[in-house]
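In our numbering, the protein residues as written are 27 to 261.
Let me begin by presenting the structure, written as structure tokens, before commenting on it.
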Amino acid sequence: MSAPAARGPIVTIDGPAAVGKTTVGRMLAESLGYLCLDSGLFYRAVALGTVRAGGDPDSPDDALAAAQALRLRFGPDPSGRFAARTFDGACDITEALISPEVDRTVSLVSRIREVRAAMLEPQREALREGNIVALGRDIGTVVCPEADLKIYLDASPDVRAQRRWKERRDAGGQMDIADIRENLHARDRIDSQRSIAPLQAAPDAVIISTDDATPGEVVGAIRAAMAARGLIRGG
Ligand code: CDP
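Written as structure tokens, this is what we have:
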């Protein structure tokens, strides 16, 4: 058998909701010229599909049917590097994926074993060539335990609620911060207590608290960890 083809580096960033994975991941990917894969979008798309089909997000049959009907595609941003738009077939679902309804149902579909199994291969396929920053809950533990660098981001619930509220407001949404706090809390609970691929840091992950750090500082810390492992030159 021939040796596996060499691939570029894979950096994984896992962590709880609204900890800053997307902001940091995109900034890091852009600074490296890598792609950024946000695995949360896969599960959000399943939740959206289930709800749109009038299904029950707690039903394995309904959620799996939605997962199998997906024709997910990511459109690059103008620089061509990372996913800025998400399509299901020809339909642009980018904004629909961050609706309160999806926020409420996504952790229900993502704890279903059959849904996670169906999402595994597309994620691995997306990582195949490397030169990628992959974001999620279980990327360093389940999807890609062989990643070159695993980061686990953490921040206090209040800081995360504040960030999510600001992000949704900047996107034109109007949400009560108390509702956001409650949703994050509910999702954290389901995500960390589920039996399959629960949210947890990989044993070899570098844990970074983002409570008092700007996105630029977090990116700097990740680049320093990459340099220390010889994945890039300098910091
Ligand atoms: O942006 P935020 O951190 O709030 O959420 P997300 O990354 O878009 O993920 C939404 C939900 O999808 C999470 O709360 C998890 O229930 C699920 N998810 C997962 O189970 N596994 C992943 N690798 C990524 C997301």
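Think of the CB as a built atom: it goes at the ideal place given N, C-alpha and C, for glycine as much as any other residue.
Requested in this report: Please confirm whether any heavy atom of the ligand CDP lies closer than 7 Å to the CB of ARG99.
Outcome: Here residue 99 is taken as the residue at index 73 of the sequence shown, counted from 1. Taking the Cβ of ARG99 as the reference point, every heavy atom of the ligand CDP lies at 7 Å or farther away.
Query raised in the report: Rounded to the nearest angstrom, how far is the Cβ of LEU146 from that of VAL169, given a contact under 8 Å?
Result: To locate residue 146, count along the sequence shown from 1; it is residue 120. To locate residue 169, count along the sequence shown from 1; it is residue 143. Rounded, the Cβ-Cβ distance is 7 Å, consistent with contact.
Query raised in the report: Under a three-way DSSP split, which group does ILE124 fall into?
Result: Translated into positions along the sequence shown, residue 124 becomes position 98. ILE124 sits in a helix when the DSSP states are folded into three classes.
Query raised in the report: Around the Cβ of VAL221, are there at least 16 other Cβ atoms within 10 angstroms (buried) or fewer (exposed)?
Result: Here residue 221 refers to the residue found at position 195 of the sequence shown. A small correction: the amino acid at residue 221 is Ser; Val does not occupy that position in the sequence shown. SER221 counts as exposed, since fewer than 16 other beta carbons sit within 10 angstroms of its beta carbon.
Query raised in the report: Looking only at DSSP bridge pairs, what is LEU175 linked to?
Result: Counted from its first residue, the sequence shown places residue 175 at position 149. DSSP, once it has assigned bridges, lists VAL37 as partnering LEU175.
Query raised in the report: For GLU151, which residues of its own chain have a beta-carbon under 6 Å away from its beta-carbon, when the five flanking residues on both sides are left out?
Result: Here residue 151 is taken as the residue at index 125 of the sequence shown, counted from 1. Closer than 6 Å at Cβ, skipping near neighbours: no residue.
Query - Buried or exposed by the 16-neighbour rule on C-beta atoms within 10 Å, applied to GLY167 - result: Counting from one through the sequence shown, the residue named residue 167 turns up at place 141. Strictly speaking, residue 167 in this sequence is Thr, with Gly absent from that position. By the beta-carbon neighbour count (other beta carbons within 10 angstroms, threshold 16), THR167 is buried.
Query raised in the report: CB ALA44 to CB LEU210, shorter than 8 Å?
Result: By one-based count along the sequence shown, residue 44 stands at place 18. By one-based count along the sequence shown, residue 210 stands at place 184. Taking a C-beta distance under 8 Å as the contact criterion, ALA44 and LEU210 qualify as a contact pair.
Requested in this report: Go ahead and pull the three-state DSSP assignment for SER235.
Outcome: Within the sequence shown, residue 235 is the residue found at index 209, counting from 1. Looking at SER235 - three-state DSSP - the assignment turns out to be strand.
**Report entry** Any non-hydrogen atom of the ligand CDP within 7 Å of VAL132 CB
**Finding:** Counting from one through the sequence shown, the residue named residue 132 turns up at place 106. Correct: VAL132 has its Cβ closer than 7 Å to the ligand CDP.
**Report entry** Environment of SER182 [buried if 16+ CB atoms lie within 10 Å]
**Finding:** For the purposes of this step, residue 182 is identified with residue 156 of the sequence shown, where counting begins at 1. SER182 comes out exposed.
**Report entry** PRO148 in three-state terms, based on DSSP
**Finding:** Taking the first residue of the sequence shown as 1, we reach residue 148 at position 122. The three-state reading of DSSP puts PRO148 in helix, counting H, G and I together.
Query - Unbroken beta strand (DSSP E) run spanning GLY162, endpoints - result: In the sequence shown, residue 162 corresponds to position 136, counting from 1. Element bounds for GLY162: 158-162.
Query - Which residues DSSP lists as bridging LEU61, in chain order - result: Looking up residue 61 in the sequence shown gives position 35. ILE158, per the DSSP bridge assignment.
Requested in this report: Quick one: using the 10 Å Cβ neighbour count with 16 as the cut-off for buried, is PRO229 buried or exposed?
Outcome: In the sequence shown, the residue the question calls residue 229 occupies position 203. With fewer than 16 neighbouring CB atoms inside 10 Å of its own CB, PRO229 falls in the exposed class.
Query raised in the report: Is SER125 near the ligand CDP, in the sense that its beta carbon is under 7 Å from a heavy atom of that ligand?
Result: Translated into positions along the sequence shown, residue 125 becomes position 99. No, the Cβ of SER125 stays beyond 7 Å of every heavy atom of the ligand CDP.
Report task. Output the boundary residues of the beta strand (DSSP E) element that contains ARG255. Result -> As a position in the sequence shown, residue 255 is number 229, starting the count at 1. No residue range can be given for ARG255, since it is assigned to no beta strand (DSSP E) and is classified by DSSP as neither H nor E.
Requested in this report: Can you have a look at PRO83 and say buried or exposed, based on whether 16 or more other CB atoms are within 10 angstroms of its CB?
Outcome: Stepping through the sequence shown from its first residue, residue 83 is reached at position 57. By the 10 Å Cβ count, PRO83 comes out buried.
**Report entry** Beta bridge counterpart(s) of CYS117 as assigned by DSSP
**Finding:** As a first step, residue 117 is located in the sequence shown; it is residue number 91 there, counting from the start. BP columns for CYS117 point to ASP114.
Requested in this report: Could you have a look at GLY101 and say whether DSSP puts it in helix, strand or coil?
Outcome: Working through the sequence shown from its first residue, we reach residue 101 at position 75. Looking at GLY101 - three-state DSSP - the assignment turns out to be strand.
Query - Proximity to ALA247 [Cα-Cα], best of ALA223, LEU175, SER218 and ALA144 - result: What you label residue 247 is simply residue 221 of the sequence shown in a count that begins at 1. Of the listed residues, the one whose Cα sits closest to ALA247 is LEU175.
Requested in this report: Measure the alpha-carbon distance for ARG195 versus GLU243 and round it to whole angstroms.
Outcome: One-based indexing of the sequence shown puts residue 195 at position 169. One-based indexing of the sequence shown puts residue 243 at position 217. Per the coordinates, the alpha-carbon of ARG195 lies some 24 Å from the alpha-carbon of GLU243.
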